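The structure under discussion appears below in the form of structure tokens.
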Amino acid sequence: MSALNIKKGSSSHSAYELRDPNGELIESHTLAVVVDNESGVLARVIGLFSGRGYNIDSLTVAEVDHEGHLSRITVVTRGTPQVIAQIKAQLDRLVPVHEVHDLTAEGPSVQRELALFKVSGKGEARIEALRLAEIFRANVVDSTLESFVFEMTGTPEKIDAFADLMRPLGLREIARTGVAALSRGA
Amino acid sequence: MQQMTGARMVVQALKDQGVEVVFGYPGGAVLPIYDEIFQQNDIRHILVRHEQGAVHMAEGYARSTGKPGVALVTSGPGATNAVTGLTDALMDSIPIIVISGQVPTFMIGTDGFQEADTVGITRPCTKMNWLVKDTAKLSETIHQAFHVATKGRPGPVLVDIPKDVQFATALYTPREQAKTSHYQPRVRGDEAQIAKLVDLIETAERPLFYTGGGVINSGRAASALLRELVAETDFPITSTLMGLGSYPASGKNWLGMLGMHGLYEANLSMHGCDVMINIGARFDDRITGRIKDFSPHSKKVHIDIDPSSINKVVRVDVGIVGDVTLVLEEVLRQWRARGSKTNRAALPKWWAQITQWRAVKCLTYKNSSTVIKPQHALERLEALTKGMDRYITTEVGQHQMWAAQFLGFEDPNRWMTSGGLGTMGYGLPASIGVQVAHPDALVINVAGEASWLMNMQEMGTAMQFRAPVKQFILNNERLGMVRQWQELLHGERYSSSWSESLPDFVKLAEAFGCKGIRIDDPADLDEAIKEMLAYNGPVIFDCRVEKHENCFPMIPSGKPHNEMLLGDADTQGVIEAKGAVLV
Ligand SMILES: Cc1ncc(C[n+]2csc(CCOP(=O)(O)OP(=O)(O)O)c2C)c(N)n1
Ligand SMILES: [Mg+2]
């Protein structure tokens, strides 16, 4: 028998395909998951993602139906179409999950995120920050002589764009809520 | 509705659910429940020797009866000891309910004595679990637990009950009044999809049924329908390790098990078929080998109760979500209504091909008159127990694969083995669970000496509860399966795969108070097996076998199904240490 000669991560000699067969086509999907509002449910959902190696780009959760004891989880995830289909099927089979909606696949939807930005600076930079905030319709929710806290609601892309602009102007911290989303129409 | 303590609710709810036996081990956090068990006679308690044993017994009970199994453990170490069994049941879709004690609610989070985050630890290895903090919700939760464990794809559930919840009183919710939540999985297959399957049945030139544990989980009716479908279509049928017995081994269309150590004819049929009909199997990697080369020419149909199983690892052409029994009923109804047609011109050619593959006689081994070959021991066991009311459990390793190859199963629920998790130490406790469910049947655990030692303490349980289980140990003084891989894949470097310092199994049997038999001469085999069968009590049978026998056929790593190895002669230069990255 010859000695072992296996390159790390190589899969050409393995019995199973170790590389993801559809590694190319990565899509981003926003899923709305309606769950029982009970302890441990969020852990079960998150555990599914970490345990099976799925991505979470953003996650928000809050109770939406107090009477019915239901919470809505909005999760933005990435994967190949096959992985996205698996994520939905795996979510759907969790016992406390009532509904899974793929807002990306089910037609147009609105997506909003709230973000707070702390920007500190003096002089020109400070004036420029304020001017850009107006253009982006960000509100000033706190100010000192050397800092602002801006509040902005928008798509994740809009928030990213504003953050990029603020960075050279003295951006110190950002807090983001993650995406909340609903399908459009009745 | 009646007012009662939480502890009494547990016992009452179990009775309402028709539970007759609980496998368990007491401790501080479950004492109130044990107190209730003491004061009644409807539910029998089997005191195990280790909580892992309790869960495997519950699994053995469940797999052999089709009813859910129940285990009761204390908090902390009791619960953590149950984790392997829960994971095993999750992987093999076995309905069990584990009830664990917990520190009182006011102590949770304080690192109290024997506190563990049981619901946290068991969340990934249960289908669902609950920490019950309010006695008023306890009985309903237990009823929901039974519902979830048994509906849809079965699986393990756990109910964690703090001690103060067991002491407090509240109104009992009877079974009928319990909200079984929104959890109502789809069981009826889509008729249009089923029609596509019927189209394929009518036209297939080289069809193959590929069945799995889902047929067994669906109940005896599923096996009966499967047999009708196979008989009427005259298609060949193979099965996974988990599905053995749903179609009889003596049936004329039976090709034997497929997969890594499956039969030549089964694997080549899988490779060559043009229509594959997967019924309740899940394209496990032990079955598929290299996905890219798996059954490359077939249209694939997949019937499964779990929608997430469909297209998980293998893309299929027709996916049917539903319970096997209901789906097969509909398949037969549609197919018969359309005239029970198959491609009669093509099928004989396919069968002729299969007959050639069968003629290879892939299970042939070189017998010996001086040492007992493990295959021979199993052939004799099979011959001497034929027709008996027999149940087989196994441990994990070479002996497990040989048992699957050399023992024939005529009915479902007769074969209990750890498939998905491959848990050494499963077989002995599982055999006790089976024996408790079927006191008068012959229950044999086909074991390897190394696996058997992992839960051998349960012989005490077998003795105490008069479970006459037969421990048929194929003792090769090796972690045989590990040794085989080291020989074939790791340059014959036998790192820690010797079973050193083994106990004297006959003396061990005497120490437990049961019967021990040791043999090493093939000439004594039949007499010894008969002696084992005749003994009215547990037997530890130390069958000294050839130490370096390899288990064939084997699909080596890095090879597709059509390049399997049939015997030692085939292995020279074929595996070349490739694919050792895999388990
Ligand atoms: C709990 C556990 N640990 C390790 C393994 C890995 N393993 C698989 S088979 C095997 C050897 C089993 O030896 P034995 O029970 O004597 O059976 P044999 O293969 O010799 O028939 C080992 C160590 C396992 N499956 N389960
Ligand atoms: Mg061994």
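Chain order of the listed sequences is A and B.
Residue numbering for the first sequence follows our numbering, starting at 1 and increasing by one per position.
Residue numbering for the second sequence follows our numbering, starting at 1001 and increasing by one per position.
Ideal placement from N, C-alpha and C gives every residue a C-beta, glycine not left out.
It should be emphasised that the depicted structure is a prediction, and the values quoted were computed from it without experimental measurement.
Quiz prompt | Interface flag, E1183(B) vs chain A, CB-CB below 8 angstroms | solution = Note that residue 1183(B) is Tyr in the sequence shown here, rather than Glu. With 8 angstroms as the cut-off, Y1183(B) counts as an interface residue toward chain A.
Quiz item: What residue range is occupied by the uninterrupted beta strand (DSSP E) comprising E151(A)?
Solution: Taken as a continuous stretch (DSSP letters only), the beta strand (DSSP E) holding E151(A) covers S147 to G154.
Practice problem: With a threshold of 16 other CB atoms inside 10 Å of the CB of H1143(B), please say whether the residue is buried or exposed. | Solution: With 16 or more Cβ atoms within 10 Å of its Cβ, H1143(B) is classed as buried.
Quiz prompt | Candidates A1467(B), T1385(B) and Q1003(B): closest to K1136(B) by CA position | solution = According to the sequence shown, residue 1136(B) is Ala rather than Lys. Measuring from the Cα of A1136(B), the nearest candidate turns out to be Q1003(B).
Quiz item: Where are the alpha helix (DSSP H) runs, 4 residues long or more, that stay fully inside the region 1374-1444 of chain B, in chain order?
Solution: 1374-1385, 1398-1406 and 1427-1437
Quiz item: Should the region 63-71 of chain A be called in touch with the region 110-119 of chain A, which here means at least 3 C-beta pairs below 8 angstroms?
Solution: no
Practice problem: Compute the distance between the beta-carbons of L1453(B) and T1325(B), then report whether it is under 8 angstroms. | Solution: no
Self-check item: CA-to-CA distance, H101(A) to G185(A), given in whole angstroms
Solution: 15 angstroms
Quiz prompt | Integer-rounded CB distance, given that G1060(B) should sit under 8 angstroms from G1433(B) | solution = 3 angstroms
Quiz item: Straight-line CA distance for A1249(B) to M1257(B)?
Solution: It is roughly 10 angstroms from the alpha-carbon of A1249(B) to the alpha-carbon of M1257(B).
Quiz item: How many angstroms separate the CA atom of I1108(B) from the CA atom of E1115(B)?
Solution: Whole-angstrom Cα-Cα distance: 7 angstroms.
Exercise. Check each candidate in I1279(B), S1369(B), C1362(B) and S1308(B) and name the one with the smallest Cα separation from A1523(B).
Key: S1369(B)
Quiz item: With distances taken from CA atoms, which of Y1391(B), S1451(B) and M1424(B) is nearest S1431(B)?
Solution: Y1391(B)
Self-check item: Contact set for D1542(B): own chain, Cβ-Cβ below 6 angstroms, skip 5 residues either direction
Solution: I1473, N1475, F1505 and R1518
Quiz item: Between the beta-carbon of L1138(B) and the beta-carbon of V1165(B), is there less than 8 angstroms?
Solution: In this structure, V1165(B) lies closer than 8 angstroms to L1138(B) by Cβ.
Quiz item: Looking at the unbroken beta strand (DSSP E) that takes in R1044(B), where does it start and where does it end?
Solution: R1044 to L1047
Quiz item: Is it right to say D1092(B) is buried, meaning 16 or more other beta carbons lie within 10 angstroms of its own, or is it exposed?
Solution: buried
Quiz item: Quick one: which chain A residues come within Cβ less than 7 angstroms of K1312(B)?
Solution: Q86
Exercise. Only counting runs of 4 or more residues, tell me where the alpha helix (DSSP H) segments fall wholly within the region 1190-1222 of chain B, in order along the chain.
Key: The region 1190-1222 of chain B contains these whole alpha helix (DSSP H) runs: 1191-1203 and 1213-1217.
Quiz item: Counting along the chain, where does the alpha helix (DSSP H) carrying R72(A) start and finish?
Solution: No alpha helix (DSSP H) contains R72(A), which is instead part of the beta strand (DSSP E) from L70 to G79.
Quiz item: Mind pulling the chain B residues with CB within less than 8 angstroms of D92(A)?
Solution: P1307 and S1308
Quiz item: For H1561(B) versus G1319(B), is the C-beta distance shorter than 8 angstroms?
Solution: no
Practice problem: Using alpha carbons as the reference points, say which of K1507(B), D1016(B) and V1469(B) lies closest to A1441(B). | Solution: V1469(B)
Practice problem: Go through the region 1446-1521 of chain B residue by residue and report every complete run of the beta strand (DSSP E) that reaches 3 residues or more, in order. | Solution: 1470-1475 and 1515-1519
Quiz prompt | 6 angstroms CB neighbourhood of H1302(B) in its chain, flanking five on each side removed | solution = N1278, I1310, V1316 and G1319
Quiz item: Less than 7 angstroms between the CB of G1480(B) and some heavy atom of ligand 2, yes or no?
Solution: yes
Self-check item: CB contact check: A43(A) to chain B, cutoff 8 angstroms
Solution: yes
Exercise. Work out the CA separation of N1129(B) and G170(A) for me, nearest whole Å.
Key: So the alpha carbons of these two residues sit roughly 48 angstroms apart.
Quiz item: What residues of chain A sit near K1127(B), judged by a beta carbon separation below 7 angstroms?
Solution: V95
Exercise. Can you have a look at K1361(B) and say buried or exposed, based on whether 16 or more other CB atoms are within 10 angstroms of its CB?
Key: Within 10 angstroms of the beta-carbon of K1361(B) lie fewer than 16 other beta-carbons, which makes it exposed.
Quiz prompt | Positions along the region 59-89 of chain A whose CB lies within less than 8 angstroms of some CB in chain B | solution = Within the region 59-89 of chain A, the residues whose Cβ lies closer than 8 angstroms to some Cβ of chain B are Q82, A85, Q86 and A89, listed in chain order.
Quiz item: In whole angstroms, what separates the C-alpha of H1548(B) from that of A1450(B)?
Solution: 15 angstroms
Quiz item: Considering only the beta carbon of each residue, do L1255(B) and W1415(B) sit closer than 8 angstroms?
Solution: no
Quiz prompt | Nearest to S1181(B) (by Cα), restricted to the options A1145(B), N1081(B) and P1553(B) | solution = A1145(B)
Exercise. In the DSSP assignment, find the alpha helix (DSSP H) that holds M1057(B) and state where it starts and stops.
Key: E1051 to T1065
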